[in-house]
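One structure below.
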Amino acid sequence: MSDTDLREFYLRYIGALNAHEISRMDEFINDETTLNGEPATRDQVIEVLNHAIDAVPDFHWEPRETAVDGDRLAARLTNTGTPAKEWLGVTPTGASFEIVEYAIYQVRDGRFVHMTALHDAETLRRQLGA
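The sequence shown: position 65 = 64 (numbering that gives the first Met the number 0), numbered continuously.
Dropping the structure here:
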């Protein structure tokens with residue numbers, strides 16, 4: 000994929016996430032991948048995404064910066080939402096969050112084969128009142 004194609008692919012992925020179209024993840028995630036350095040299947044990644052969206056029904060990812068190097072893409076995003084269920088050990092209080100996420104991906108044959116994300120969990124818990 001060219002740099003432009005990889006950026007467009009990533010924005011389609013983010014669009015599917017924001018539309019909560021998790022059923023489309025087979026378009027983006029390889030059958031076998033790594034998630035945060037650990038071997039994972041697409042179904043396991045989907046389980047993580049479904050859990051987040053179930054707990055935070057208005058979860059939104061907003062890309063702020065992307066950088067492409069060959070088959071790798073790095074992104075800085077702003078994540079927002081209001082938990083409706085217990086999430087990350089925090090009981091919902093009606094409080095919303097806005098945190099930074101840094102993500103790094105590797106794409107092979109048009110799908111993610113490595114996915115890593117780092118979130119500002121401390122700020123998230125503080126914003127949610129934990």
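Glycine included, C-beta positions come from ideal geometry on N, C-alpha and C.
Determine the DSSP secondary structure at residue i, reduced to helix, strand or coil.
| i | result |
| --- | --- |
| Asp68 | strand |
| Leu123 | helix |
| Glu97 | strand |
| Glu85 | coil |
So residue i is in the alpha helix (DSSP H); what residue range does that whole segment cover?
| i | result |
| --- | --- |
| Phe8 | 2-17 |
| Glu46 | 41-54 |
Compute the distance between the beta-carbons of residue i and residue j, then report whether it is under 8 Å.
| i | j | result |
| --- | --- | --- |
| Tyr101 | Leu117 | yes |
| Leu87 | Leu5 | no |
| Ile21 | Ile45 | yes |
| Met0 | Val106 | yes |
| Ala54 | Pro82 | yes |
Starting from residue i, trace the beta strand (DSSP E) in both directions and tell me its first and last residue.
| i | result |
| --- | --- |
| Arg110 | 110-118 |
Run through the DSSP bridge pairs and tell me what residue i is partnered with.
| i | result |
| --- | --- |
| Leu34 | Glu37, Met114 |
| Ile21 | In the DSSP output, where bridge partners are listed per residue, Ile21 has none listed. |
| Gly80 | Phe96 |
| Arg107 | Arg110 |
| Pro62 | Leu76 |
With a threshold of 8 Å between beta-carbons, can residue i be considered close to chain B, or not?
| i | result |
| --- | --- |
| Leu34 | No chain B appears in this structure, which consists of one protein chain only. |
- request: Tell me, please, whether the region 88-101 touches the region 14-34 by the rule of three or more beta-carbon pairs shorter than 8 Å.
  value: no
task: Determine, using beta-carbon pairs with one atom in the region 26-44 and one in the region 64-79, whether at least three such pairs fall under 8 Å.
output: no
task: Inspect the CB distances between the region 24-32 and the region 106-126 and report whether three or more fall short of 8 Å.
output: yes
query: Between the region 42-55 and the region 67-74, do three or more beta carbon pairs fall short of 8 Å?
result: no
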